[in-house]
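**Q** Sharing a structure with you now.
Rendered as structure tokens:
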């Protein structure tokens, strides 16, 4: 094979490339390596659909990687990030024919980058091309690599892998490459858990070793989602009481885990393993008593109670241990711990000294406080910080690189757009612009289409239009949205930069958050009477001149389904909006369309019309309401809640409903932002008890709105200040007429005790009077007393 042979083969296709490489000696391959490198470098610089050195992108994309694998050195291959082609058979054929001495190192490197390449690597092992690999990436690839016919069948077929399985209990994984992620998205019969249970039943794997390995994995405190697989698998083995007794030390050790579900798992296992030796339990149960989860702490107290009933001589030691529960945030836990301390301690007063002041008001002994009027709300916060234009080309290059790396923040995106527009006729020389151009080429390669609203890709394309006079064509949108509008805005700036037409943008915000002062817009229009069409539209939206408010309404759709012989109902919350024809250059309409993109894109979209939040909040409540239980990891949805913090925007019905749903969110960041939004709105006077109660009542009863989450988030907000406490208590006084969940009742009792306030709402009192049994009945009695 000569370099010319390879040169001719690459543009023909992968088959021709493999044929040219077949049987070549290493010296011949190395002479042809520059050819392969040139083609592969050109491929990396191109985008899908473009030509590569005159050949179709699709053809070169399949052949150039094979050429590089067949000729390049390991360092060259790594530098080019060449992992082969999607056709693993052709990749294997090239590597089998060459058999370089660095093949095992390449295999480890490939698995670190693309774990899904594991089947190829395994075939190389079985054919003797490489030996055993020990890196973590190999085992993460193995998790997903056995799926074609199901894990159980693949393990029974490739029995050499049985010894590798134990390593899976030692690696945590990440993203989709973990035991938890694999089993979540595959049928139970194809899962790892099913396979290992079956292989333990037929004697392939030691049952004892599987039980021990799963507990050891839990002891490594993997992230909660991934740790959950090991506890579920442990229970899937259905340990007997004797097997649990043999593993008491492991279960007790897990009580100190930082993963709360792991602690709950250990408590349940210990309950099933009773009777427990009191001394061993008392020495390990402390962390569970102070767990943030109320149920965990209550379960721990019950375990201690059981141990003391069996060994009453340990009551004094047990009192000292359960006294730790007095520091728990839950009044229920505090009350139970206080009861046990008084029952078991030899000198209760001495043990309780210094601990009573931290108890909840409803638990603390002594007279109740006298009600006090809350302080008036604080005045609204000052305006958002100003946004200053970029002052020089050098500053523009510096800010531009930062935006490409961080995909924001939105203010810097806008400063970059304005900077490129103003300095369009002053492109820096290649030496100064080199880092920006290099980074833009690296970033733009990951996507095939510019001007679609992707922050990094569109700004990379803009940099190349400004510096390299390389202007991408406009796309066609099947479903226009805010991303399309923002993409067109960047394309408009790129066209001016390409033509070297310099002018400042009208739409550059004057304040953080996308705000543009109307007076400043008038001055800019007077100085630049012929702005770009989309620039003028964006400026008008930011100055509050283009907002519209079509009518909208909430609609709940219930669909029945059968599960385990019973009929259940799944509810979907719809928002019906009446608006006209959609178009990528009509942002007034697009404000009401579901945004797309990740967190950087939606944060940028949030600045399109900051003074008119109704459409943004309506879209947000639809998004969050239908994902309250976090079935889909939509991390970008928090952007809707972030806008509730802006003191310049009144909290209308849409904002209050968004807040109501956010306060019931399972995802901690969403719940936390909702608490912050409530607190800020109460502080600056945008929200009172009437508005909050109305919103909570409107969404109350929807299937995925859980009162326990409301109780948790409202309780957090109530303790920010007396003002917030009074607002939350007054809200509960109205809400209890519609929802008498025990968690809400408990919060009302606690706040009433702290603030010396009762429930005066007639509707609430009537409903409370009807509660006679159980925990809810006891709490209702306290509220009516």
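Numbering (this note's numbering), first residue to last: 58 to 842.
Backbone N, C-alpha and C fix where the C-beta goes; we use that ideal spot for every residue, glycine too.
Here the structure is a predicted model, which means the values were calculated and not measured.
(1) Mind checking who residue 234 pairs with in its DSSP beta bridge?
(2) In the DSSP assignment, find the unbroken alpha helix (DSSP H) run with residue 763 in it and report its ends.
(3) Do residue 94 and residue 61 have their C-beta atoms closer together than 9 Å?
(4) Determine the direct distance from the alpha carbon of residue 556 to that of residue 473, and round the result to whole angstroms.
(5) For residue 358, name the three-state secondary structure that DSSP assigns.
(6) Taking residue 822 and residue 841 to be in contact with their CB atoms under 8 Å, please state how far apart those CB atoms are, rounded to whole angstroms.
(7) Any idea what DSSP makes of residue 209, helix, strand or coil?
(8) May I ask you to report which of helix, strand or coil DSSP gives residue 128?
(9) Need the endpoints of the alpha helix (DSSP H) that residue 316 sits in, please.
(10) Between the region 775-789 and the region 729-742, are three or more C-beta pairs nearer than 8 Å?
(11) Quick one: what does DSSP say residue 109 is sitting in, helix, strand or coil?
(12) How would you call residue 593, buried or exposed, if buried means at least 16 neighbouring beta carbons within 10 angstroms?
(13) So what does residue 175 bridge to, in DSSP terms?
(14) What is the DSSP secondary structure of residue 788, reduced to helix, strand or coil?
(15) Using the C-alpha atoms, what's the distance from residue 154 back to residue 162?
(16) Would residue 773 be called buried (16 or more neighbouring beta carbons within 10 Å of its own) or exposed?
(17) Please work out which residues of its chain come closer than 6 Å, Cβ to Cβ, to residue 422, disregarding the five sequence neighbours upstream and downstream, and give them in chain order.
(18) From the DSSP output, which residues share a beta bridge with residue 687?
(19) Roughly how many angstroms separate the alpha carbons of residue 818 and residue 754, rounded to a whole number?
(20) Classify residue 727: buried if its beta carbon has 16 or more other beta carbons within 10 angstroms, exposed otherwise.
(21) Terminal residues of the continuous alpha helix (DSSP H) containing residue 757?
(22) Confirm, please, whether the CB-CB distance from residue 559 to residue 679 is below 9 Å.
(23) Take residue 677 as the anchor and find which of 688, 701, 661 and 686 has the nearest alpha-carbon.
(24) Of the choices 798, 812, 131 and 813, whose alpha-carbon is the least far from that of residue 825?
(25) Please go through the same chain and pick out, in chain order, the residues whose beta-carbon is closer than 6 Å to the beta-carbon of residue 90, but skip the five residues on each side of it.
(26) Please classify residue 515: is it buried, with 16 or more other beta-carbons within 10 angstroms of its beta-carbon, or exposed?
(27) Give a yes or no on whether the C-beta atoms belonging to residue 667 and residue 576 are separated by under 9 Å.
(28) Among 275, 660, 787 and 564, which residue has its Cα nearest to the Cα of residue 813?
(29) Whether or not the region 701-711 and the region 684-693 are in contact is what I'm after, with contact meaning three or more pairs of Cβ atoms, one per stretch, closer than 8 Å; do they touch?
(30) In three-state terms, what does DSSP make of residue 565?
(31) Can you give the beta carbon distance from residue 320 to residue 345, rounded, assuming they're within the 8 Å contact cut?
(32) Hey, residue 272 and residue 291: beta-carbon distance below 9 Å or not?
(33) Just to check my reading of the structure: residue 64 and residue 109 have Cβ atoms closer than 8 Å, yes? What is that Cβ distance to the nearest angstrom?
(34) Are the beta-carbon atoms belonging to residue 175 and residue 237 less than 9 Å from one another?
(35) Let me know if residue 353 comes out buried or exposed under the rule of 16 or more other beta-carbons within 10 Å of its beta-carbon.
**A** Quick look at the numbers:
(1) DSSP, once it has assigned bridges, lists 231 as partnering residue 234.
(2) Under the DSSP assignment, residue 763 falls outside any alpha helix (DSSP H); it carries neither an H nor an E label.
(3) For the 9 Å CB-CB criterion, residue 94 and residue 61 do not form a contact.
(4) Our two residues, residue 473 and residue 556, have alpha carbons roughly 18 Å apart in a direct line.
(5) Reduced to three states, the DSSP call for residue 358 is helix.
(6) By a beta-carbon distance limit of 8 Å, residue 822 contacts residue 841. Their separation comes to about 6 Å.
(7) In the three-state reduction of the DSSP assignment, residue 209 falls in the helix class, which pools H, G and I.
(8) Looking at residue 128 - three-state DSSP - the assignment turns out to be helix.
(9) Counting along the chain, no alpha helix (DSSP H) covers residue 316, and no H or E run does either.
(10) Verdict: yes, contact present.
(11) The answer is strand: DSSP assigns residue 109 an E or B state.
(12) Label assigned to residue 593: buried.
(13) The bridge partners DSSP lists for residue 175 come to none.
(14) Here residue 788 sits in helix by DSSP.
(15) In this structure, the straight-line span from the alpha carbon of residue 162 to that of residue 154 is close to 17 Å.
(16) Per the 10 Å Cβ criterion, buried.
(17) Counting only Cβ-Cβ distances below 6 Å, and skipping sequence neighbours, we find nothing.
(18) BP columns for residue 687 are empty, so no partner.
(19) For residue 818 and residue 754, the distance between alpha carbons rounds to 14 Å.
(20) Sixteen is the threshold: when 16 or more other Cβ atoms of the shown chains lie within 10 Å of the Cβ of residue 727, as they do, the residue is buried.
(21) Looking at the DSSP string, residue 757 is not in any alpha helix (DSSP H), and its letter there is neither H nor E.
(22) For residue 679 and residue 559, no; Cβs fall outside 9 Å.
(23) Out of 688, 701, 661 and 686, 701 has the C-alpha closest to the C-alpha of residue 677.
(24) Among 798, 812, 131 and 813, the Cα nearest to that of residue 825 belongs to 798.
(25) If we look at residue 90 and ignore the five residues flanking it on each side, its Cβ neighbours are 128 and 129.
(26) It counts as buried.
(27) For residue 667 and residue 576, no; Cβs fall outside 9 Å.
(28) The residue with the shortest Cα to Cα distance from residue 813 is 787.
(29) At 8 Å Cβ cutoff, the stretches do not touch.
(30) Assignment of residue 565 by DSSP, reduced to helix, strand and coil, places it in the coil class.
(31) Contact annotation, residue 320 with residue 345: C-beta distance approximately 5 Å; criterion of less than 8 Å satisfied.
(32) With respect to the 9 Å criterion, residue 272 and residue 291 are classified as neighbours on the basis of their beta carbons.
(33) Residue 64 to residue 109, Cβ: 13 Å. No contact.
(34) Not in contact: residue 175 and residue 237 (Cβ atoms no closer than 9 Å).
(35) When all chains shown are included, residue 353 counts as buried.
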